[in-house]
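Here the structure is laid out as structure tokens; the discussion comes afterwards.
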Amino acid sequence: MVDKERLEAYWKKNLALIRNILIIWFIFGYVLAIIFVEPLNNIKLGGTPLGFWFAHQGSIYVFVALIFIYAKLIGKIDKEFDVEED
Amino acid sequence: MSLQVTTYIIVGLTFALYIGIAIWSRAGSTKEFYVAGGGVHPVVNGMATGADWMSAASFISMAGLIAFMGYGGAVFLLGWTGGYVLLALLLAPYLRKFGKYTVPEFFKTRYYSDGAAIVAVICLLIASTTYIIGQMTGVGVAFSRFLGVSNNLGVLIGMAIVFVYAVFGGMKGITYTQVAQYCVLILAYTIPAIFISLHLTGNPIPQFGLSSGFEGSDMYLLEKLDHIVKDLGFASYVNTPRLSKLNMFVYTMSLMIGTAGLPHVIIRFFTVPKVRDARSSAGWALVFIAILYTTAPSVAAMARLNLHATVNKAVVKGGDVFAPESSILIDERPNWMKRWEVTGLLKFTDKNGDGRIQYYNDKSKDKDFLAKAEAAGWKGNELSVNNDIMVLANPEIAKLPNWVIGLVAAGGLAAALSTAAGLLLAISSAISHDLLKNMFMKDLSEKGELMAGRIVMACAIVVAGYLGMNPPDFAAGTVAIAFGLAASSIFPALMMGIFSKTMNRQGAIAGMIAGIGVTMLYVFAHKGIFFIKGTEFLGLFGGKPNFFLGIEPNAFGTIGAIVNFIVAFAVKNMTTPVPHDIAEMVESVRYPKGAGAAVDH
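Next up, the structure:
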């Protein structure tokens, strides 16, 4: 039973992490780049409107970072709950 | 040395490299053939995935598409990168833990039914075939435009090269050739971009060049571009969405979940040794993809600006774009224009007979603008430009040396061949492993299966080559068909297979069929049944295009996926629950511990 609880706790923690990362993914992929692009375009980054910059470049950098952040954090959780591969 | 000779040498060298790698990495077992032995380093796999993913369209067409769409082009940039986040978080590690060779195999085991596997095989074959035709035509295009051979001969040469390394090397040969192809294609893409960025903005890094000042003026590059396209009656570069905000939203989502659901991408993650490698490998794949995808918007903006600057001198010097002397004289047009006129990708007609070329938007809705154009004696737009020019002619526009032009040819070929090889492997494994070994010829020996895999691959190459030379109508529908199918059927079924312990066979199959049904119905209503002209049936739905909330057919995969989820859960609740051992298996897939290398059962 203890083992089962440990695994359940691991899965819960994993799902929470996935949810949090996907929220950030959604913010950069959709909220900043599509939904609120006009107001953001009033802010200029150099000569580039910010909303346009996220849509054409910035969000892609965030996507890359998110995968590595997830891989690192879930690796730690794997260790914590002893479900790591040998 | 002439351009032709230089191009031949560069393309010849890259082909020799691919064949050399193929000889070095022959596959000796089904495990090597399907998953490259299962021991590919995550960074190497990431690079191979990058080459696999970036197709002829990404390399040749995407920047041009964005150049003319402006901000709206973000659907491709976001959609074709953001899917990797979903892949890394939701699919790759679990499918790797599951430890099978193919996607239909997952469906067969998880949904304990051959029916589910067959639906998956059909989706896979339709999506992959549609996709591969585009690669084969891309090979033909690159050969005929740069090497002066006929389209069909180009496709034949491409087929021969893929045959050598895909049939003999299987996934192993494909993986290591893709690493080489990635290097070729990324150099070919970034080198011209660096020079153009340097030339236009003084900044050698194209990603930064996009936000830099425009050389020789006090304006920023994007400001200048936005200003000039509006002056010429086109829509704003930085503010124009693709149809509507909602359409952009669902379009981006369709491409993201479609990316995560494309079988030829997913099978790449069966090749790494461990679950944690599957996670990081998706990250590396996106790093290598992002190098091209963040360069593309710069290439797009700069190429568009270059094009306007070439035909209208007032663009750079300032002054009145309507002044007669601003438009370029036909006799003084640069050599690259003459070279590309021959291919038909660039055309002009001197409608007002003034010996100059006027390039503007004669369909502008701005009446003041049209009045000004008329007052200047302009009688309609005189130049038409194919999207592909924006990448293909880039080195010439930037006056780069011949070897760079040769490299672009080699890069286009690398992009097309690497994607074709990945698709061929997905097709061959679906037939030889999922249909033959797992269903119809269960006593097939390993040696026999390996031989079957090679024969199927060889046949697939011939079919793909033939379709590449004679593209059927549906070849034009890669985004609608391949991404539509992956988004509306494969992705939801995989998600539910991993994250729901209760999803059963009936629910999954009903969901997939409903998802595909709705998506294809919408696509075919607009574009004809399998894209055959004259079979459109929009009339059934009131006759107005994009009748569902203004969403275009290419973007409809998202809606299909939603339908899939709803139907699957509804049917699940009405039918027999999932067997106990399957629920246990789903549970075990959740924990990385105990994942051996990908195994056959």
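Which chain is which? The protein sequence lines are A and B, in order. Using our numbering, the first residue of the first sequence is number 2, and each one after it goes up by one. Using our numbering, the first residue of the second sequence is number 2, and each one after it goes up by one. Beta carbons are placed, not taken as given, at the ideal position from N, Cα and C, and that holds for glycine. All values reported here derive from a predicted model rather than from experimental measurement.
Query	Result
Trp25/B burial status per 10 Å Cβ neighbour count (16 or more: buried)	exposed
From Val480/B, Ala279/B and Lys173/B, residue whose alpha carbon lies closest to that of Val44/B	Ala279/B
Element boundaries [alpha helix (DSSP H), containing Phe209/B]	Pro207 to Gly210
Start and end residues, alpha helix (DSSP H) containing Phe60/B	Run containing Phe60/B: none; DSSP gives neither H nor E here.
Coarse secondary structure for Ile44/A, derived from DSSP in three states	coil
Cβ-Cβ distance between Ala75/B and Ala34/A below 8 Å	yes
Same chain, Cβ closer than 7 Å to Thr295/B, five either side skipped, listed in chain order	Gln208
Beta-ladder partner(s) of Val386/B, from DSSP	Leu347/B
Cβ-based burial, Arg485/B [other Cβ within 10 Å; buried from 16]	The identity of residue 485/B in the sequence shown is Gly, whereas the question assumes Arg. Buried, by the Cβ-count rule.
Same chain, Cβ closer than 6 Å to Lys109/B, neighbours up to 5 away in sequence not counted	Ala118
Limits of the alpha helix (DSSP H) - the one that His581/B falls within	His581 to Val590
Leu330/B - partner residues in DSSP beta bridges	Arg357/B
Against chain A: residues of the region 248 to 272 of chain B by CB proximity under 9 Å	Met249, Phe250, Thr253, Met254 and Met257
C-alpha gap between Ala598/B and Pro274/B, whole angstroms	Caution applies to Ala598/B, whose pLDDT of 49 falls short of 50 and renders its modelled position unreliable; the value that the coordinates give is listed next. Distance between the alpha carbons of Ala598/B and Pro274/B: 6 Å.
Every unbroken beta strand (DSSP E) inside the region 537 to 564 of chain B [3 residues or more]	none
Closer than 7 Å at the beta carbon, the chain A residues around Lys208/B	Contrary to the premise, residue 208/B reads as Gln rather than Lys in this sequence. Within 7 Å Cβ-Cβ: Gln58.
Neighbour flag for Phe37/A against chain B, beta carbons, 8 Å	no
Length of the line joining the Cα atoms of Asn382/B and Tyr360/B	5 Å
Any C-beta of chain B under 8 Å from that of Asn21/A	no
Three-way DSSP call (helix, strand, coil) for Gly214/B in this model	strand
Segment contact, 8 Å Cβ cut-off, at least three pairs: the region 151 to 161 of chain B with the region 390 to 402 of chain B	no
Contact under 8 Å by Cβ, Ala410/B with Thr82/B	no
Start-to-end residues for the alpha helix (DSSP H) that takes in Gln136/B	Asp115 to Phe147
8 Å Cβ cutoff, Glu85/A in contact with chain B	yes
Contacts that Ala34/A makes with chain B (C-beta to C-beta distance below 7 Å)	Ala75 and Leu79
CB contact check: Arg591/B to chain A, cutoff 8 Å	yes
Helix, strand or coil at Tyr166/B [DSSP, three-state]	helix
Backbone CA spacing between Gly217/B and Phe169/B [nearest angstrom]	55 Å
Within-8 Å CB hit, Pro205/B to chain E	Given the protein chain composition of this structure (A and B), no chain E is represented.
N-terminal and C-terminal residue of the alpha helix (DSSP H) that Ala459/B is part of	Glu447 to Met470
Burial state of Gly575/B, where buried means 16 or more other Cβ atoms lie within 10 Å	Here the sequence assigns Met to residue 575/B, which means Gly is not the residue at that position. So Met575/B counts as exposed.
Beta carbon proximity, Leu8/A to chain B, threshold 8 Å	yes
CB of Ser213/B within 8 Å of CB of Gly59/A, strictly	no
Residue-chain proximity (Glu585/B, chain A), Cβ-Cβ < 8 Å	no
Cutoff 8 Å: Ser212/B Cβ touching any chain A Cβ	yes
Where Pro325/B falls: helix, strand or coil (DSSP)	helix
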